[in-house]
Amino acid sequence: MNGKIIIGRAPECDIVVDQMYARVSNEHATLEIQDGQLIYIDHSSNGTMINGRLVHHSSIAILNSDN
8 MNGKIIIGRA PECDIVVDQM YARVSNEHAT LEIQDGQLIY IDHSSNGTMI NGRLVHHSSI
68 AILNSDN
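Those letters in the sequence shown? Residues 8 to 74, per this note's numbering, in order.
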């Protein structure tokens with residue numbers, strides 16, 4: 008493993024989302040550990056809502072209580 012997890016609809020992603028979810032990009036996002044924190048990095052066309060905030064072509068630290 009290279010220290011990151013890729014999420015998306017493409018079959019080569021580490022976490023593959025079903026093709027029926029068209030709003031999920033082929034390589035939607037990456038999860039990485041940086042300085043001991045889990046970081047969500049968005050690469051998608053539409054962005055991702057995390058805690059009611061749109062994360063789009065940016066990154067955010069993820070905590071246990073996030074949704």
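Idealized CB from N, CA, C, for every residue including glycine.
What residues in its chain sit with their C-beta under 6 Å from that of residue i, if we drop five residues either side in the sequence?
i, result
"N53", "R30"
"I12", "D21, L38"
"S66", "I46, I48"
"I40", "none"
Going by CA-CA distance only, name the one from the options that's closest to residue i.
i, options, result
"T55", "G43, C20, I69, M27", "I69"
"H62", "H50, G15, E39", "The question names His, but residue 62 in the sequence shown is Val. Comparing Cα positions, the closest option is H50."
"Y47", "D25, Q26, N74, P18", "N74"
"H64", "E19, A36, Q41, N71", "A36"
Using 9 Å as the threshold, is the C-beta distance between residue i and residue j below it?
i, j, result
"E34", "G59", "no"
Can you name, in chain order, every residue of its own chain whose Cβ lies under 8 Å from the Cβ of residue i, other than the five neighbours on each side?
i, result
"A17", "V23, N33, E34"
"I57", "Y47, I67, I69, D73, N74"
"Y28", "R16"
"G10", "E39, I40"
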